[in-house]
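Peer 1:
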Amino acid sequence: MAPCLVKEMYKAIFVDIDDTLLDYIPCCREAFEAALPEHPEYFDIFFKISGRLFSEAKHGQHTVAEVMELYPKEFIATIGYPVEKVDPFKHAFRAAWGTTHTLVPGAKEMLETLKAKGYRLFAASNSFGHLQRSRLEHAGILPYFEDTFISMDIGYDKPDIRFYQEALRRAHLQPHEVLMIGDSMTTDVLGAQAAGIDALFFDRQKDSLLELTKDL
Ligand SMILES: [Mg+2]
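This is how it looks when you write it as structure tokens:
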């Protein structure tokens with residue numbers, strides 16, 4: 016869903032992180048296997064539970080902060096481990112997650128190109144700020160960003176219009192000066208558009224990041 020881009024208007028680009036810059040499933044599997052090394056085969060159960068809860072969060076049923084607490088509990092209960100295992104699993108997963116950094120093909124090159132063209136770049140993601148910044152740093156792409164707007168720091172989750180409004184305020188930008196790029200129609204595209212920001216949908220099944228952004 017490519018909008019009618021008026022590229023000379025944009026001063027800045029907001030970029031989603033998971034499944035736009037960093038490859039979510041391999042990162043998730045890596046953190047899971049570090050947190051529960053004795054049962055790597057349980058990853059599919061874990062992924063299904065967390066996926067459902069994050070999907071519910073996109074539609075306003077939970078906050079992302081709530082999901083971060085809910086999915087370890089539900090997973091540990093589902094595999095029949097005692098409740099005392101919830102916190103160790105949760106902490107081990109988060110610690111490992113903060114270093115996961117498998118890049119989506121073309122992500123670094125896209126940032127390099129956009130930066131060279133003079134755009135101000137900002138990351139915009141639903142998660143913990145310190146963990147997302149750590150992951151960008153491990154991936155070698157943190158220096159491309161002037162700032163990172165992460166929901167737990169901002170106080171609202173995408174697609175809440177207040178997430179985008181607060182990001183604009185922090186960056187001293189007007190909505191028409193910004194383009195949002197992300198892989199979620201709900202949180203990235205519709206959320207940004209509700210705040211008056213143009214958005215570019217990255218369909219991971221079809222698009223290459225470099226091709227998608229070549230005319231910017
Ligand atoms: Mg995403």
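Numbered according to my numbering, the sequence shown spans residues 16 to 231. Positions of the beta carbon are idealized from the N, C-alpha and C atoms, including for glycine.
Express the C-alpha separation of Leu215 and Met16 in angstroms, rounding to a whole number.
Peer 2: Reliability fails at Met16, whose pLDDT of 48 lies under 50, so the model's placement of it is uncertain and the value that follows must be treated cautiously. Cα-Cα distance, rounded: 7 Å.
Peer 1: Looking at Gly197 and ligand 1, is the gap between the Cβ and the nearest heavy atom below 8 Å?
Peer 2: yes
Peer 1: From the DSSP output, in three-state form, read off Ala182 for me.
Peer 2: helix
Peer 1: Between which two residues does the alpha helix (DSSP H) containing Leu68 stretch?
Peer 2: Phe58 to Lys73
Peer 1: Spell out a yes or no on whether the stretch 119-128 and the stretch 59-71 are touching, meaning 3 or more CB-CB pairs, one atom from each, closer than 8 Å.
Peer 2: no
Peer 1: Would you call Val204 buried or exposed, if buried means 16 or more other Cβ atoms sit within 10 Å of its Cβ?
Peer 2: buried
Peer 1: Rounding to the nearest angstrom, what Cα-Cα distance links Tyr179 and Gln208 in this structure?
Peer 2: 10 Å
Peer 1: Based on the DSSP output, what are the partners of Arg135 in its beta bridges?
Peer 2: Paired residues: Ala27.
Peer 1: Let me check you understand the geometry: is the CB of Thr93 closer than 8 Å to at least one non-hydrogen atom of ligand 1?
Peer 2: Checking every heavy atom of ligand 1 against the Cβ of Thr93, none is found closer than 8 Å.
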